[in-house]
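Protein chains: 6
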Amino acid sequence: MYSVTVRDHMMIAHSFRGEVFGPAQRLHGATYVVDATFRRAELDADNIVVDIGRAAEELHAVLAELTYRNLDDEPGFAGMNTSTEALARVLADRLADRVHAGALGDSARALDGITVTLHESHVAWASYERRL
Amino acid sequence: MYSVTVRDHMMIAHSFRGEVFGPAQRLHGATYVVDATFRRAELDADNIVVDIGRAAEELHAVLAELTYRNLDDEPGFAGMNTSTEALARVLADRLADRVHAGALGDSARALDGITVTLHESHVAWASYERRL
Amino acid sequence: MYSVTVRDHMMIAHSFRGEVFGPAQRLHGATYVVDATFRRAELDADNIVVDIGRAAEELHAVLAELTYRNLDDEPGFAGMNTSTEALARVLADRLADRVHAGALGDSARALDGITVTLHESHVAWASYERRL
Amino acid sequence: MYSVTVRDHMMIAHSFRGEVFGPAQRLHGATYVVDATFRRAELDADNIVVDIGRAAEELHAVLAELTYRNLDDEPGFAGMNTSTEALARVLADRLADRVHAGALGDSARALDGITVTLHESHVAWASYERRL
Amino acid sequence: MYSVTVRDHMMIAHSFRGEVFGPAQRLHGATYVVDATFRRAELDADNIVVDIGRAAEELHAVLAELTYRNLDDEPGFAGMNTSTEALARVLADRLADRVHAGALGDSARALDGITVTLHESHVAWASYERRL
Amino acid sequence: MYSVTVRDHMMIAHSFRGEVFGPAQRLHGATYVVDATFRRAELDADNIVVDIGRAAEELHAVLAELTYRNLDDEPGFAGMNTSTEALARVLADRLADRVHAGALGDSARALDGITVTLHESHVAWASYERRL
């Protein structure tokens with residue numbers, strides 16, 4: 003199995019609901035350094051998993067929808083705790099939609115899966131892994 | 003599949019028995035930067051894999067049992083080569099015990115697995131992955 | 003010249019005023035991975051610059067005053083752009099106050115300087131360096 | 003499942019054929035920071051996956067066949083796009099050959115798999131994973 | 003003293019002349035992860051050293067002049083060993099020219115200095131520091 | 003001012019004397035990831051600060067004198083707390099001796115200074131900087 007990963011980041015504000023979150027129930031923020039991994043069993047005709055430049059552009063586009071925002075004000079996240087792991091799934095699903103729509107090229111439709119990892123600090127990160 | 007990882011470290015002395023270890027048969031030491039990864043298929047009612055703060059506390063507690071010690075003198079490791087990979091299993095098993103005992107909260111009992119990675123330097127690390 | 007550095011982090015929300023900031027004028031947030039460096043020309047009687055454990059505790063205490071907060075609501079930052087470089091100074095000055103107050107031990111009064119670096123992402127960071 | 007990873011690097015020149023590569027069709031180069039991961043279900047008699055020193059030596063030997071070269075001039079790569087993911091497979095296969103030939107020791111023949119990851123920059127990397 | 007640093011990268015081919023370079027006399031290549039640091043004694047009216055977005059754009063523009071190229075073919079480097087440290091100076095001087103030309107904004111003319119660091123691998127890097 | 007840095011590591015056991023060290027008074031150990039920086043005002047005839055390969059070899063040789071040892075048993079460290087910052091000086095002085103003895107080549111005698119940084123974990127490191 004082959005994989006290619008590209009890295010970018012976003013900077014958002016949000017708060018959590020639930021006693022388990024302690025002081026993180028207050029409005030605060032995070033830089034998420036985001037790794038998007040694309041997997042497939044065999045390389046395409048160009049001998050690649052996916053074009054790294056195009057993968058980076060699509061990841062950047064997906065992050066542009068969220069960065070420099072207060073996620074508490076985003077209608078799409080109403081009533082949802084935007085935990086690091088939950089955001090990993092949001093990003094993976096949005097990247098999967100773009101793969102299916104052909105944004106990463108025709109050959110990318112043969113991808114087997116995507117993993118998105120969000121690093122919230124030097125000591126904590128979370129991932130979501132899915133099939134395509 | 004979702005995962006959450008927390009990082010901490012421990013600093014120990016030890017020696018190895020066996021020609022394969024060369025100069026590492028002498029008493030020496032290591033800083034292990036330790037990553038503990040918790041996996042589950044679905045998020046809990048708070049939309050998380052496990053509370054990151056609580057995961058960090060339990061990892062710290064498990065490392066506190068070993069750090070600033072000479073592992074050659076620990077009864078639990080008598081006659082055992084405390085290699086990086088062997089220590090990864092020790093830590094994963096101890097974290098699993100804590101999960102089963104409820105130390106990471108009730109919802110953490112639904113975790114599917116744990117992986118522990120010990121970085122012994124910038125050029126070498128080892129992991130142990132297990133189910134819960 | 004000797005130095006010792008300890009690392010910790012904080013997660014805050016804030017916004018900026020001024021066209022130069024573009025989309026960062028919206029409420030957003032950041033994880034700052036914070037490095038505090040303590041410098042001195044000669045080591046103390048224990049052969050150290052400063053106790054690393056105590057330095058880590060004081061850095062943590064200084065960050066605890068800001069983390070999990072919206073800096074736009076902090077009276078101390080009213081009318082101030084809390085840029086990464088400006089926050090580096092705030093933290094360096096607060097650490098310097100603690101050094102002068104003896105929080106890092108008597109021998110730490112012989113420190114020559116402090117540098118604080120805030121990493122706002124994997125591709126951007128800022129520092130403030132001062133004498134003691 | 004246990005694993006051990008060692009890291010080294012190589013510095014090569016190459017060019018790509020195909021419009022998808024854009025400016026990377028020109029002769030350029032890369033530092034690949036290379037991670038080789040060895041996996042097995044149970045530890046050997048010395049309580050290790052593989053000797054880390056020996057693993058590092060074999061990885062270094064495999065990289066020495068390619069480093070400081072223009073891959074466009076290597077007969078073994080004629081007509082092939084030496085993408086990061088394709089090179090990950092080349093290195094994994096060469097390491098597998100060495101494992102089978104006994105270069106990592108007799109007990110290493112019980113290894114279950116190898117993964118090779120090539121980091122081409124701080125924002126992009128690729129992997130190939132195979133069984134042994 | 004304040005500073006702000008931004009990071010980007012370039013991927014080039016080149017060769018060296020001189021016995022000291024050993025196998026690096028052959029045509030090979032490198033990824034340089036490049037950090038550009040801007041220093042000044044006092045912050046500007048927006049409370050910043052320099053706009054991080056603009057600094058990142060100018061660094062990217064300077065790197066775009068060299069990336070995906072064989073430096074042996076660049077007229078500007080004829081007869082010159084394009085060592086990591088020499089390239090650090092080239093980039094620092096080109097950034098300084100852009101600062102002087104106003105590309106980083108009017109307030110950036112008050113910058114005191116620039117340092118450029120090129121990481122050629124996980125185990126080697128070089129810097130050039132200059133005044134403005 | 004130019005600089006070149008090379009990285010390597012050592013793994014040692016030791017203990018500290020003095021209440022300030024708390025649990026670190028027990029025999030424990032550390033991996034030190036060691037960065038050696040060489041500085042000079044002008045490049046040499048080959049357009050370099052120092053040959054990176056040779057610098058890496060000399061750093062490795064200096065570390066080989068200490069790695070895989072219990073520093074408490076080393077006669078040269080009798081009665082001395084081998085703190086991270088104190089070891090940084092030991093290594094810087096030993097590298098300086100090698101520079102003066104010509105081990106880094108004749109042109110390296112024009113070096114202006116050396117800095118050695120020892121990373122003891124992902125959250126703490128120490129440096130010693132000296133002139134040549």
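Sequence lines, in order, name chains A, B, C, D, E and F.
In case it helps, our numbering puts the first sequence at residues 3 to 134.
In case it helps, our numbering puts the second sequence at residues 3 to 134.
In case it helps, our numbering puts the third sequence at residues 3 to 134.
In case it helps, our numbering puts the fourth sequence at residues 3 to 134.
In case it helps, our numbering puts the fifth sequence at residues 3 to 134.
In case it helps, our numbering puts the sixth sequence at residues 3 to 134.
Glycine included, every Cβ here is placed at the ideal spot set by N, Cα and C.
Here the structure is a predicted model, which is why all the values come from computation and not from measurement.
Residues of chain C with a CB under 7 Å from the CB of M135 (chain E): which are they? Outside the modelled stretch of chain E, which goes from 3 to 134, sits residue 135 (chain E), for which no answer is possible.
Give the residues from the region 37-55 of chain E that approach chain C closer than 7 Å (Cβ to any Cβ), ordered along the chain. L45, D48, N49, I50, V51, D53, I54 and G55
Does the Cβ-Cβ distance between A58 (chain F) and V101 (chain F) come in under 8 Å? The residue labelled residue 58 (chain F) in the question sits at position 56 within the sixth sequence. The residue labelled residue 101 (chain F) in the question sits at position 99 within the sixth sequence. Cβ distance not < 8 Å, so A58 (chain F) and V101 (chain F) don't count as in contact.
Classify A43 (chain C): buried if its beta carbon has 16 or more other beta carbons within 10 angstroms, exposed otherwise. Walking along the third sequence from the start, residue 43 (chain C) turns up at place 41. Its Cβ having fewer than 16 others within 10 Å, A43 (chain C) is exposed.
Here's the rule: buried if 16 or more other CB atoms are within 10 angstroms of the residue's CB, otherwise exposed. What is G104 (chain E)? Indexing the fifth sequence from 1 puts residue 104 (chain E) at position 102. Classification of G104 (chain E): exposed, given that the 10 Å Cβ count is below 16.
Given M82 (chain F) as reference, the closest of F:S17, F:M12 and F:H11 once Cα atoms are compared: Your numbering for residue 82 (chain F) matches position 80 in the sixth sequence. Checked all of F:S17, F:M12 and F:H11; the closest Cα to M82 (chain F) is F:S17.
Residues near T39 (chain F) by beta carbon distance below 6 Å, same chain, minus five either side: Numbered from its first residue, the sixth sequence carries residue 39 (chain F) at position 37. If we look at T39 (chain F) and ignore the five residues flanking it on each side, its Cβ neighbours are S5, T7 and T117.
Specify, as a first and last residue, the run of the beta strand (DSSP E) that H30 (chain E) falls within. The sequence position of residue 30 (chain E) within the fifth sequence is 28, counting from 1. From DSSP, the beta strand (DSSP E) with H30 (chain E) extends over H30 to R42.
Please list the terminal residues of the continuous beta strand (DSSP E) segment that includes D75 (chain E). In the fifth sequence, counting from the first residue as 1, residue 75 (chain E) sits at position 73. No beta strand (DSSP E) holds D75 (chain E); DSSP gives it neither H nor E.
Pull up the CB-CB distance for L73 (chain A) and T84 (chain A), whole angstroms please, since I reckon it's below 8 Å. Locating residue 73 (chain A) in the first sequence gives position 71, where the first residue counts as 1. Locating residue 84 (chain A) in the first sequence gives position 82, where the first residue counts as 1. Confirmed, Cβ separation roughly 5 Å.
Do you know offhand how far L120 (chain E)'s Cα is from S123 (chain D)'s? Start at 1 with the first residue of the fifth sequence, and residue 120 (chain E) comes out as number 118. Start at 1 with the first residue of the fourth sequence, and residue 123 (chain D) comes out as number 121. L120 (chain E) and S123 (chain D): Cα-Cα distance of roughly 12 Å.
In this structure, how does DSSP classify V51 (chain E) when only helix, strand and coil are distinguished? Your numbering for residue 51 (chain E) matches position 49 in the fifth sequence. Three-state result, V51 (chain E): coil.
Are the region 41-56 of chain E and the region 18-30 of chain C touching, with three or more C-beta to C-beta distances below 8 Å? yes
Can you confirm whether V64 (chain D), when its beta carbon is compared against all beta carbons of chain E, has any partner nearer than 8 Å? In the fourth sequence, the residue the question calls residue 64 (chain D) occupies position 62. No, V64 (chain D) does not count as interfacial toward chain E.
Got a sec: which bits of the region 3-32 of chain D sit with their beta carbon under 8 Å from any beta carbon on chain G, in order along the chain? The chain inventory of the structure shown lacks chain G, comprising the protein chains A, B, C, D, E and F.
Measuring only between beta-carbons, confirm whether E59 (chain A) sits less than 8 Å from chain B. Looking up residue 59 (chain A) in the first sequence gives position 57. No, no contact with chain B.
Quick one: grab the DSSP three-state call for T119 (chain F). By 1-based counting over the sixth sequence, the position of residue 119 (chain F) is 117. Of the three classes helix, strand and coil, the one that applies to T119 (chain F) here is strand, per DSSP.
Please state if the CB of H62 (chain C) and the CB of V35 (chain C) are separated by a distance shorter than 8 Å. Taking the third sequence and counting its residues from 1, the one referred to as residue 35 (chain C) is at position 33. Taking the third sequence and counting its residues from 1, the one referred to as residue 62 (chain C) is at position 60. No.
Near-chain A residues of the region 66-91 of chain D (beta-carbon distance less than 9 Å), N- to C-terminal order: If the cut-off is 9 Å between Cβ atoms, the region 66-91 of chain D has M82, N83, T84, S85, T86, E87, A88, A90 and R91 near chain A.
Based on DSSP bridge pairs, tell me the residues matched to E131 (chain F). On the sixth sequence, residue 131 (chain F) is found 129 positions in, with the first residue counted as 1. Answer by DSSP bridge pairing, in chain order: F:T117.
In the region 79-104 of chain A, which residue ranges form an unbroken alpha helix (DSSP H) of at least 4 residues, counting only runs that do not cross its ends? 86-102
According to DSSP, is V8 (chain C) helix, strand or coil? On the third sequence, residue 8 (chain C) is found 6 positions in, with the first residue counted as 1. In this structure, V8 (chain C) counts as strand in the three-state DSSP scheme.
Please compile the residues from chain E whose C-beta is within a distance smaller than 8 Å of the C-beta of V35 (chain D). The residue you call residue 35 (chain D) lines up with position 33 of the fourth sequence. Those within 8 Å of V35 (chain D) in chain E are S123 and H124.
Please decide whether A94 (chain E) counts as near chain F, where near means a Cβ-Cβ distance under 8 Å. If you number the fifth sequence from 1, residue 94 (chain E) lands on position 92. For A94 (chain E), no Cβ of chain F is located within less than 8 Å of the residue's own Cβ.
Is there a C-beta anywhere in chain D that falls below 8 Å from the one on F103 (chain B)? Translated into positions along the second sequence, residue 103 (chain B) becomes position 101. Note that residue 103 (chain B) corresponds to Ala in the displayed sequence, not to Phe. Not closer than 8 Å to any Cβ of chain D, the Cβ of A103 (chain B) fails to qualify, so no.
Using CA coordinates, which residue listed in D:V64, D:I14 and D:G20 is at the minimum distance from D95 (chain D)? As a working note, residue 95 (chain D) is residue 93 in the fourth sequence. Here the closest residue by C-alpha is D:V64.
Report all residues from its chain with a CB closer than 7 Å to the CB of E87 (chain E); omit the five preceding and five following residues, and keep chain order. To locate residue 87 (chain E), count along the fifth sequence from 1; it is residue 85. If we look at E87 (chain E) and ignore the five residues flanking it on each side, its Cβ neighbours are A128 and Y130.
Just verifying my parser: in three-state terms, what is the DSSP assignment at H16 (chain A)? The residue given as residue 16 (chain A) occupies position 14 in the first sequence. If DSSP states are grouped into helix, strand and coil, H16 (chain A) belongs with the strands.
Using the DSSP secondary-structure output, state which residues sit across from A126 (chain D) in a beta bridge. For the purposes of this step, residue 126 (chain D) is taken as the residue at position 124 of the fourth sequence. Answer is A:V8 and D:S123, bridged to A126 (chain D).
Proximity winner among F:H30, F:G115, F:A15 and F:R19, relative to E67 (chain B) (alpha-carbon distances): The sequence position of residue 67 (chain B) within the second sequence is 65, counting from 1. Cα-wise, what sits closest to E67 (chain B) is F:H30.
Rounded to the nearest angstrom, what separates T33 (chain E) and L106 (chain C) at their Cα positions? As a first step, residue 33 (chain E) must be located in the fifth sequence, where it is residue number 31. As a first step, residue 106 (chain C) must be located in the third sequence, where it is residue number 104. Roughly 42 Å between the two C-alpha positions.
For a contact defined as C-beta to C-beta under 9 Å, what are the partners of A128 (chain E) on chain F? Locating residue 128 (chain E) in the fifth sequence gives position 126, where the first residue counts as 1. Ordered by position in chain F, the residues that pass the 9 Å Cβ test against A128 (chain E) are Y4, S5, V6, T7, I50, V51 and I54.
If you draw a straight line from the C-alpha of R91 (chain C) to the C-alpha of L97 (chain E), how long is it? As a position in the third sequence, residue 91 (chain C) is number 89, starting the count at 1. As a position in the fifth sequence, residue 97 (chain E) is number 95, starting the count at 1. Computed Cα separation, rounded: 25 Å.
Alpha carbon to alpha carbon, how far is T69 (chain E) from I14 (chain E)? Counting from one through the fifth sequence, the residue named residue 69 (chain E) turns up at place 67. Counting from one through the fifth sequence, the residue named residue 14 (chain E) turns up at place 12. Spanning the two alpha carbons is a distance of roughly 6 Å.
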